[in-house]
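Sequence lines, in order, name chains A and B.
Under the numbering used here, think of the first position of the first sequence as 32, with each following residue one higher.
Under the numbering used here, think of the first position of the second sequence as 11, with each following residue one higher.
Written out below as structure tokens is the structure these notes cover.
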Amino acid sequence: PASNLGLEDIIRKALMGNMEE
Amino acid sequence: VLSQDQQALLNYILEAYNKHRVPPDMAKKLLQEQFSTEENFLLLTEMATSHVQVLVEFTKNIPGFQSLDHEDQIALLKGSAVEAMFLRSAQVFTRKQPQGHTEVLEERIRKSGISEEYITPMFNFYKSIGELQMLQEEHALLTAITILSPDRPYVKDQQAVERLQEPVLEVLRRFCKLQHPQEPQHFARLLGRLTELRTLNHHHAEMLESWRTS
């Protein structure tokens with residue numbers, strides 16, 4: 032679950048989502 | 011007066027700021043059901059996660075941000091996420107809410123298991139933001155300035171970050187002069203809030219720890 036992700040993981044995932052676009 | 015380029019920068023940042031909001035469904039959840047402390051914790055955590063995702067979307071629209079070194083982008087976001095969230099929540103608490111909403115939100119935060127010593131400075135900060143009666147433009151620019159702070163840990167190319175932050179600071183300075191001709195100290199007061207944010211950020215790790223324990 033998202034609540035178990037650290038801040039850095041959430042940021043990396045969100046930035047990566049951007050690159051996939 | 012704002013130059014054409016400065017006006018364009020302001021419009022761009024404002025548009026990005028307005029576009030990226032926490033999904034309304036999630037915001038509604040905060041107001042609707044009754045939760046136990048544990049569920050409250052989970053909901054606020056989910057909310058924070060969503061907040062960070064929204065923040066990243068906003069940040070990648072700040073002109074020049076994506077040209078920075080990838081690891082520096084992460085260092086900037088990591089260093090500022092908590093401060094940007096406090097700023098955004100302050101805006102929520104400052105805005106006129108439908109009858110009773112502010113109370114429900116406040117109650118939820120107070121009953122989330124966070125100890126009082128961390129709650130009080132947070133609500134004091136919300137109050138101090140409220141007193142400034144900030145415009146949406148000021149919120150958007152101040153958030154961008156917070157994110158583009160070159161002195162965050164692990165930032166390698168501080169000068170590149172400075173080159174992005176400086177024009178935004180200049181736009182905010184001029185915007186304040188234009189909008190608040192009677193208050194020459196307005197810009198300085200806004201920057202003063204950044205110092206308060208640093209303090210809140212500093213306490214945040216301890217706050218999370220105490221929250222987890224309880």
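Using N, Cα and C, we set each Cβ at its ideal position, and we do this for glycine too.
Where residue i meets chain A, residues with beta-carbon distance less than 8 Å
{"i": "B/I84", "result": "E39, I42, R43, L46"}
{"i": "B/V62", "result": "L38, I41, I42, A45"}
Residue-level contact to chain A via CB, residue i, 8 Å cutoff
{"i": "B/L87", "result": "yes"}
{"i": "B/V32", "result": "no"}
{"i": "B/V171", "result": "no"}
{"i": "B/Q42", "result": "no"}
{"i": "B/Q168", "result": "no"}
{"i": "B/A94", "result": "no"}
{"i": "B/A91", "result": "yes"}
{"i": "B/G123", "result": "no"}
Neighbouring residues, chain A, relative to residue i (Cβ below 7 Å)
{"i": "B/V66", "result": "I42, A45, L46"}
Chain B within 8 Å of residue i, Cβ atoms only
{"i": "A/E51", "result": "Caution applies to A/E51, whose pLDDT of 44 falls short of 50 and renders its modelled position unreliable; the value that the coordinates give is listed next. No, its Cβ sits nowhere closer than 8 Å to a Cβ of chain B."}
Where residue i meets chain A, residues with beta-carbon distance less than 9 Å
{"i": "B/A37", "result": "In chain order: nothing, as chain A lies at least about 16 Å away."}
{"i": "B/A154", "result": "In chain order: nothing, as chain A lies at least about 16 Å away."}
8 Å contact criterion, which residue i and residue j should meet: CB distance rounded
{"i": "B/Y164", "j": "B/A85", "result": "4 Å"}
{"i": "B/L78", "j": "B/A170", "result": "6 Å"}
{"i": "B/D82", "j": "B/D167", "result": "6 Å"}
{"i": "B/Q14", "j": "B/R184", "result": "Not quite, the Cβ-Cβ distance comes to about 13 Å (not below 8 Å), so this is no contact."}
Legend entry - Inter-stretch contact (C-beta, 8 Å, three-pair minimum) for the segment 63-81 of chain B and the segment 152-163 of chain B: Yes, the segment 63-81 of chain B touches the segment 152-163 of chain B.
Inset, instruction - Would you be able to state if there are at least three C-beta pairs under 8 Å between the segment 113-124 of chain B and the segment 88-96 of chain B? - result: Flag = no, the segment 88-96 of chain B and the segment 113-124 of chain B do not touch.
Inset, instruction - May I ask you to verify whether the segment 194-205 of chain B touches the segment 116-124 of chain B, counting CB pairs closer than 8 Å and requiring at least 3? - result: With the cut-off at 8 Å, the segment 194-205 of chain B and the segment 116-124 of chain B do not touch.
Inset, instruction - Indicate whether the contact test is met: 3 or more Cβ pairs, each with one atom in the segment 176-195 of chain B and one in the segment 15-22 of chain B, closer than 8 Å. - result: Yes, the segment 176-195 of chain B touches the segment 15-22 of chain B.
Legend entry - Cβ contact check for the segment 57-69 of chain B and the segment 79-91 of chain B: 3 or more pairs under 8 Å: The segment 57-69 of chain B makes contact with the segment 79-91 of chain B: 3 or more CB pairs, one atom from each, lie closer than 8 Å.
Inset, instruction - Could you tell me which uninterrupted alpha helix (DSSP H) segments, each at least 4 residues in length, are contained entirely in the segment 24-81 of chain B, listed from first to last along the chain? - result: Correct list: 34-42, 47-70.
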